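Asks: Take 1235 as the starting number for the sequence shown in my numbering and just add one per residue.
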Amino acid sequence: MFKSIGREASGQKCDAMDGLLKEADGLLEEAEGPALDMAMIGAAQAIEHYEISRYGTLREWAKQLGHEDAHTLLGSILDEEKAANSKLTSLAVETVNAPGKRKS
Ligand SMILES: [Fe+2]
1235 MFKSIGREAS
1245 GQKCDAMDGL
1255 LKEADGLLEE
1265 AEGPALDMAM
1275 IGAAQAIEHY
1285 EISRYGTLRE
1295 WAKQLGHEDA
1305 HTLLGSILDE
1315 EKAANSKLTS
1325 LAVETVNAPG
1335 KRKS
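(1) Just tell me which of Ala1250, Met1251 and Met1235 has its CA closest to the CA of Ser1244.
(2) Check this for me: beta carbons of Ile1275 and Leu1322, under 8 Å apart or not?
(3) Exposed or buried, Gly1327, counting other C-beta atoms within 10 Å across all chains shown (16 or more means buried)?
(4) Of all residues in the structure, which have a C-beta closer than 6 Å to any heavy atom of ligand 1, taken in chain order?
(5) Which term fits Glu1266, buried or exposed, when burial requires 16 or more other beta carbons within 10 angstroms of its beta carbon?
(6) The alpha helix (DSSP H) with Pro1333 in it runs from where to where?
(7) What is the residue span of the alpha helix (DSSP H) that Met1272 lies within?
So this is what it looks like as structure tokens:
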């Protein structure tokens, strides 16, 4: 994507993602049994939601700036993030959080 806009890719620590990962670590230390499964899915979804927010924003900025290739690529990544979130939702609703279907 950076190539398509004529820029060098560079990295930067993401404080928000760092916080989400720390939160996940805390949940995983405290939870056990079925609650652990629920906590893992919830933590993963928090990360997916953050990614959806950021990729959605970046996709629209790319559009506004006339970077069509970047807009398309970011849209594809956004779709992948949404699909991952949807799978996690299905997993939670249909198995982990479903009474009678969860393993104890
Ligand atoms: Fe993701």
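Even glycine gets a Cβ: it sits at the ideal position worked out from N, Cα and C.
All of these numbers come straight from a predicted model, not from anything done at the bench.
Replies: Well, looking at it:
(1) Met1235
(2) The beta carbons of Ile1275 and Leu1322 sit closer together than 8 Å.
(3) The question names Gly, but residue 1327 in the sequence shown is Val. By the neighbour-count rule (16 or more Cβ atoms within 10 Å), Val1327 is not buried but exposed.
(4) Glu1282, Glu1285, Glu1315 and Ala1318
(5) exposed
(6) From DSSP, Pro1333 is part of no alpha helix (DSSP H); its letter is neither H nor E.
(7) Where Met1272 is concerned, the enclosing alpha helix (DSSP H) stretches over Pro1268 to Gln1298.
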